[in-house]
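**Student:**
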Amino acid sequence: MHHSNACPAPLWLTQSQLTPLPDSLTLDWLFDEGSLTRRLTRLSNDGFSVTPLFEGWATLRSDECAALELAEGSEGWVREVYLRGHGEAWVFARSVASRAALQGDGLHMDELGSRSLGELLFCDHAFQRRAIEVCHYPQDWLPPACRAPELWGRRSRFDRGALSVLVAEIFLPTLWSAARAHPENC
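Numbering-wise (UniProt numbering), the sequence shown opens with residue 1 and increments by one.
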């Protein structure tokens, strides 16, 4: 399920660069600094699961190479999954890291299976998270089953030594339905 570089890369923006701002619910989910896995687990009353769609070595997209400070056309590990609540796909996530950094670090992204990468990143306090950036994610980059225009996506880079992992999370309409139906008790 490899996605091509064909469509132009979106402009990824930090919260201070974003105008106009989306509604407060959207804004809260987009810029939440906590673990998305934990938040989805709470929202689903422990009905959370991860479905791997694609995992393997692939040429990274130009926006990913730029975010990871890699040469254009660099190869990396790509992991695409659905984050589900009660079996329903709520979030499409794409995580990438360069081949050289992974091979030297010992993070085994290829062994995660149906476990959450986010949980691993949040449990290892050596990882430093950079600023969250958001955009309207190109629908051509989404799996055909969940393609829709103007879906909000966010990404952030997690650094540990020479290793950087770029994690993008695209919020599907089903998540917004669940979030509105079950307001969180913050």
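Note that CB positions come from ideal geometry on N, CA and C, so glycine has one too.
Could you spell out the range, first to last residue, of the alpha helix (DSSP H) harbouring Trp29?
**Tutor:** If you number the sequence shown from 1, residue 29 lands on position 29. Looking at the DSSP string, the run of the alpha helix (DSSP H) that includes Trp29 is Ser24 to Leu30.
**Student:** Residues in its own chain within less than 7 Å of Glu72 by CB, not counting five upstream and five downstream?
**Tutor:** Locating residue 72 in the sequence shown gives position 72, where the first residue counts as 1. Once the five neighbours on either side are set aside, the close Cβ partners of Glu72 are Ser62 and Cys65.
**Student:** Measure how close the beta-carbons of Arg99 and Glu75 come, nearest whole angstrom, since I'm counting them as under 8 Å.
**Tutor:** Within the sequence shown, the letter at position 99 stands for residue 99. Within the sequence shown, the letter at position 75 stands for residue 75. Confirmed, about 5 Å.
**Student:** How many Å lie between Gly56 and Trp77 at the Cα?
**Tutor:** Walking along the sequence shown from the start, residue 56 turns up at place 56. Walking along the sequence shown from the start, residue 77 turns up at place 77. Their Cα atoms are separated by approximately 6 Å.
**Student:** Quick one: grab the DSSP three-state call for Leu121.
**Tutor:** The residue labelled residue 121 in the question sits at position 121 within the sequence shown. DSSP places Leu121 in helix when its eight states are reduced to three.
**Student:** What does a CB cutoff of less than 7 Å around His182 pick up in its chain, not counting 5 residues either side in sequence?
**Tutor:** Start at 1 with the first residue of the sequence shown, and residue 182 comes out as number 182. So the list reads Leu43, once near-sequence residues are dropped.
**Student:** So, do the region 79-97 and the region 17-26 have three or more beta carbon pairs nearer to each other than 8 Å?
**Tutor:** No, the region 79-97 does not touch the region 17-26.
**Student:** Going by the beta-carbon positions, is the gap between Gly153 and Val134 smaller than 8 Å?
**Tutor:** Walking along the sequence shown from the start, residue 153 turns up at place 153. Walking along the sequence shown from the start, residue 134 turns up at place 134. A contact, by the Cβ cut-off of 8 Å.
**Student:** DSSP state of Pro173, grouped into three classes?
**Tutor:** Along the sequence shown, one-based indexing puts residue 173 at 173. Helix at Pro173.
**Student:** Report the three-state DSSP secondary structure of Glu72 (helix, strand or coil).
**Tutor:** For the purposes of this step, residue 72 is taken as the residue at position 72 of the sequence shown. Glu72 falls in the coil class under three-state DSSP.
**Student:** On the DSSP bridge assignment, give the partners of Asp97 in chain order.
**Tutor:** Here residue 97 refers to the residue found at position 97 when the sequence shown is read from its first residue. The sequence given here places Ala at residue 97; Asp does not occur at that position. Note: Ala97 sits in a beta bridge opposite Trp77 and Val165.
**Student:** Which of helix, strand or coil does DSSP assign to Gly87?
**Tutor:** Here residue 87 refers to the residue found at position 87 when the sequence shown is read from its first residue. The answer is coil: DSSP assigns Gly87 none of H, G, I, E or B.
**Student:** Hey, could you find the ends of the alpha helix (DSSP H) Leu43 is sitting in?
**Tutor:** Along the sequence shown, one-based indexing puts residue 43 at 43. It spans Leu36 to Leu43 - the alpha helix (DSSP H) in which Leu43 sits, taken as one unbroken run.
**Student:** How would you call Thr19, buried or exposed, if buried means at least 16 neighbouring beta carbons within 10 angstroms?
**Tutor:** Taking the sequence shown and counting its residues from 1, one reaches residue 19 at position 19. Exposed is the call here.
**Student:** Going by Cα to Cα distance, which pick from Ile132, Gly87, Met109 and Ala179 is closest to Val96?
**Tutor:** On the sequence shown, residue 96 is found 96 positions in, with the first residue counted as 1. Residue Met109 is the option with its Cα nearest to Val96.
**Student:** Please report the straight-line C-alpha distance between Pro52 and Leu30, rounded to a whole angstrom.
**Tutor:** Taking the sequence shown and counting its residues from 1, the one referred to as residue 52 is at position 52. Taking the sequence shown and counting its residues from 1, the one referred to as residue 30 is at position 30. One C-alpha to the other measures close to 22 Å.
**Student:** Report the residue from Leu13, Leu68 and Leu83 whose alpha carbon sits nearest the alpha carbon of Ser164.
**Tutor:** Working through the sequence shown from its first residue, we reach residue 164 at position 164. Considering only alpha carbons, the answer is Leu68.
**Student:** Might you give, ordered along the chain, the residues of its own chain that have their beta carbon closer than 7 Å to the beta carbon of Leu11, omitting 5 neighbours on each side?
**Tutor:** Indexing the sequence shown from 1 puts residue 11 at position 11. Same-chain partners within the cutoff: Cys135.
**Student:** Who are the near neighbours of Leu21 in its chain, counting only those whose CB is closer than 7 Å to its CB and skipping five residues on each side?
**Tutor:** On the sequence shown, position 21 is the one that residue 21 refers to. Leu27.
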